[in-house]
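Novice:
Numbering (full-length UniProt numbering), first residue to last: 1 to 68.
#1: Apart from the five residues just before and just after residue 29, which ones in its own chain have a Cβ nearer than 6 Å to its Cβ?
#2: Assuming the contact rule is C-beta atoms closer than 8 Å, residue 42 and residue 31 should be a hit. Round their C-beta distance to whole Å, please.
#3: Going by DSSP, which residues form a beta bridge with residue 45?
#4: Report the residue from 26, 37 and 62 whose alpha carbon sits nearest the alpha carbon of residue 20.
#5: Please confirm whether residue 3 and residue 22 have their CB atoms less than 8 Å apart.
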């Protein structure tokens, strides 16, 4: 899966005033941006970095950031 994609966001992001994180694949990298301020720029990750991050999210390794 090396083809580029359009910007996408989670279906759970609807209804919060457009304040969402968007992601896409571009030139073999994963790009992430704030949908409310797309002109600010993007953060780019290799697919290996992105896979590692998602694995950590799924394991709950970042739950402490939620403050709950």
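No residue lacks a Cβ here, since even glycine has one placed at the ideal position from N, Cα and C.
Specialist: To lay it out plainly:
#1: 44
#2: 4 Å
#3: 30
#4: 37
#5: no
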